[in-house]
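For any residue, its number in the numbering used here is found by taking its place in the sequence shown, counting from 1, and adding 283.
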Amino acid sequence: MTTATPTASPDAPPSTCDLLIVGAGPAGLAAALAAAPSGARIVLLDDNPAPGGQIWRDGPGVTLPPAARQQRKALERHAHVQLRCGTRVVGLAEQTARSAGLHALWLEDAQGGWVQHARQIILCTGARELLLPFPGWTLPGVTGAGGLQALIKGGLPVAGQRIVVAGSGPLLLAAARTARQAGAQVVAVAEQAPWTALARFGASLVRWPGKAVQAAALLPAVYRADSHVVRAHGAHNLHSAVQSVTLRQGGQERQVACDRLACGFGLVPNTELGQMLGGRVSERQGLAVDADQRLLRGGAAHGPGEPHPVDAVPGLLAAGECTGFGGSERSRAEGAIAGHIAVGDIAAARALHAERARWHAFADALHRHFALQPALRRLAEPDTLVCRCEDVRYADLAQRTGWIDAKLHTRCGMGACQGRICGAATHHLLGWTPAPPRHLLAPVRIGTLAATGIRADEAPRHTG
Ligand SMILES: Cc1cc2nc3c(=O)[nH]c(=O)nc-3n(C[C@H](O)[C@H](O)[C@H](O)COP(=O)(O)OP(=O)(O)OC[C@H]3O[C@@H](n4cnc5c(N)ncnc54)[C@H](O)[C@@H]3O)c2cc1C
């Protein structure tokens, strides 16, 4: 990998590259490696300090698996691939370059903001956790399951602490293992899916033997199915944190003493940038793509059965968990296909279709067997905060008619996270479909904002 600036062609702005890949997780790395042999000028960027995405998140004391190390090394051999870590896409730039067939995005790093032009873009923006509100979920010490894992990989000391892991999906097992390896005592793992669903999922793993071995190795003795968090107990002040958790298993409740609760209910694809660029969202809540991973046009999310145009947005592709969650193998297959397609190697892309189909089937099994139980919609009480950036209670939202109505009357979704957390929660709790941001993806520095030319009335209220 190199930090050399790519040479621009005479008709293009100086920051132009042939291919911009947003997100350097398994999908983005596979896309870059597939496209690299073409010699195209590629920029691969990620807002984390190192490549690897969620599964291969680097940090103090982390030993990366061989596949992650191999991909990093392979990337280093391609001098025309510019890897920019600690850099994030914050919004769309003026699209004046469109006539020249270019896309323009605003990027920001620790030094400042600038416009990156690209002939093509592959979106590999991954997914985030679905956090559902329950009484006590804003207590210090309560995090997402993957969230706790990321904190531990980033150096958070948890040795000797009692940790409850709760929610749904295989990420609970990965988070529990990371906590145990860091010296924590995992006192309970509460999976909301019933045993019957888990048994069927287990039986289906004969099609993916590697996953069966992985699951068997990770399953802790304290794993309980049909079990979910009801309430976290503790005191809200600077010196106190969560002290115990009430879990419900079947009809029975029990209170478990703990120092931390790590609770996540699956993943939500990061579709916002794709939607801002004109893509639509599929029934799976991920960016809709065709067989070549080209982003399908449409604007806002649509409901099942609603008609929508099915043409692709020129120059835009999407791969990995931003098209729907389903594991790193699915992300890698999709990323490689997108990379080959971006540089015109159709045959190499088609050769990967069977591999992709295999992991799409695994994703289908995950969706089917870890479907969320209706009881989780009733966890929030009237006083439970749903939008924790703007302190909006469930009772304030229950009387609103939809996302825009709620934003106008309660400021729900208008805080620092711009609805990334509460938008997904209200989708699950109230069936709302949050609209994507119009110009900016996230809070940005005022200097970047001033340089973008975006009017203050178009920008999110919180910029810092
Ligand atoms: C918190 C968390 C922890 C997880 N841990 C595990 C695990 O331990 N084991 C496992 O099997 N699976 C784990 N997963 C599932 C994991 O997401 C996938 O298996 C795999 O990492 C998906 O690869 P991807 O490339 O599609 O997306 P990701 O790995 O999510 O990579 C996407 C990358 O894009 C970057 N990005 C997004 N938006 C922008 C932007 N605007 N500007 C710049 N960069 C951007 C992100 O920071 C991220 O690095 C985890 C998921 C989450 C949410």
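Positions of the beta carbon are idealized from the N, C-alpha and C atoms, including for glycine. It should be emphasised that the depicted structure is a prediction, and the values quoted were computed from it without experimental measurement.
Within the stretch 691 to 721, the runs of alpha helix (DSSP H) at least 4 residues long that lie entirely inside it are, in chain order, 705 to 713. Of all alpha-carbon atoms in 728, 664, 574, 481, the one lying nearest the alpha-carbon of residue 650 is that of 481.
Residue 610 is positioned such that its CB atom lies no closer than 8 Å to that of residue 567. The alpha carbon of residue 354 has as its nearest neighbour, out of 558, 615, 533, 623, the alpha carbon of 615.
Secondary-structure assignment with DSSP links residue 612 through no beta bridge to anything. Counting along the chain, the unbroken alpha helix (DSSP H) around residue 493 starts and ends at 492 to 501. Of the heavy atoms belonging to ligand 1, none sits nearer than 7 Å to the Cβ of residue 360. Within the same chain, and ignoring the five residues on either side of residue 596 in sequence, the residues whose Cβ sits closer than 8 Å to its Cβ are 560, 561, 562, 577, 578, 579, 580. In summary, residue 687 is exposed, with fewer than 16 beta-carbon neighbours lying within 10 Å of its beta-carbon over all protein chains present. Counted as a single uninterrupted DSSP element, the stretch harbouring residue 400 is not any alpha helix (DSSP H) but the beta strand (DSSP E) occupying residues 396 to 406. With contacts defined as CB atoms closer than 8 Å, residue 626 and residue 318 qualify as a contacting pair. Less than 8 Å separates the beta-carbon of residue 414 from that of residue 547. In the structure shown, residue 656 falls within a coil segment according to DSSP collapsed to helix, strand and coil. With a beta-carbon spacing of about 26 Å, residue 305 and residue 461 fall beyond the 8 Å limit used to define contacts. Around the beta carbon of residue 301, a 10 Å sphere encloses 16 or more other beta carbons of the protein chains shown; the residue is thus reported as buried. With 16 or more other CB atoms across the displayed protein chains lying within 10 angstroms of its CB, residue 693 is buried. For residue 708, the CB contacts under 8 Å within the same chain, skipping 5 residues up- and downstream, are 413, 414, 415, 416, 669 in chain order. In chain order, 337, 412, 454, 458, 547 place their CB closer than 7 Å to the CB of residue 429, counting only its own chain and leaving out the 5 sequence neighbours on each side. Linking residue 366 to residue 662 through their CA atoms gives a straight-line distance of about 43 Å. For residue 309, the shortest separation between its Cβ and any heavy atom of ligand 1 lies below 7 Å. The continuous beta strand (DSSP E) containing residue 601 extends over residues 595 to 601. Judged by DSSP secondary structure, residue 389 falls within the beta strand (DSSP E) whose first and last residues are 386 to 391.
If you look at residue 340, you'll find it isn't in any alpha helix (DSSP H); DSSP assigns it neither H nor E.
Residue state for residue 489 is assigned as helix, using DSSP reduced to three classes. Taking every protein chain shown into account, the CB of residue 523 has fewer than 16 other CB atoms within 10 angstroms, so this residue is exposed. For residue 301, the enclosing beta strand (DSSP E) stretches over residues 299 to 305.
Sequence-distant partners of residue 322 (beyond 5 residues in either direction) whose C-beta falls short of 7 Å from its own C-beta, in its chain, are 363. In the three-state DSSP reduction, residue 511 falls in the strand class (E or B). If you draw a straight line from the Cα of residue 463 to the Cα of residue 469, it is about 6 Å long.
Secondary structure note for residue 461: its alpha helix (DSSP H) is the uninterrupted segment 454 to 464.
In the structure shown, residue 309 falls within a helical segment according to DSSP collapsed to helix, strand and coil. Listed as beta-bridge partners of residue 320 by DSSP are no residues whatsoever. Membership of residue 359 in the alpha helix (DSSP H) is indicated by the continuous run 349 to 359.
Between residue 730 and residue 396, the CB-CB gap stays under 8 Å.
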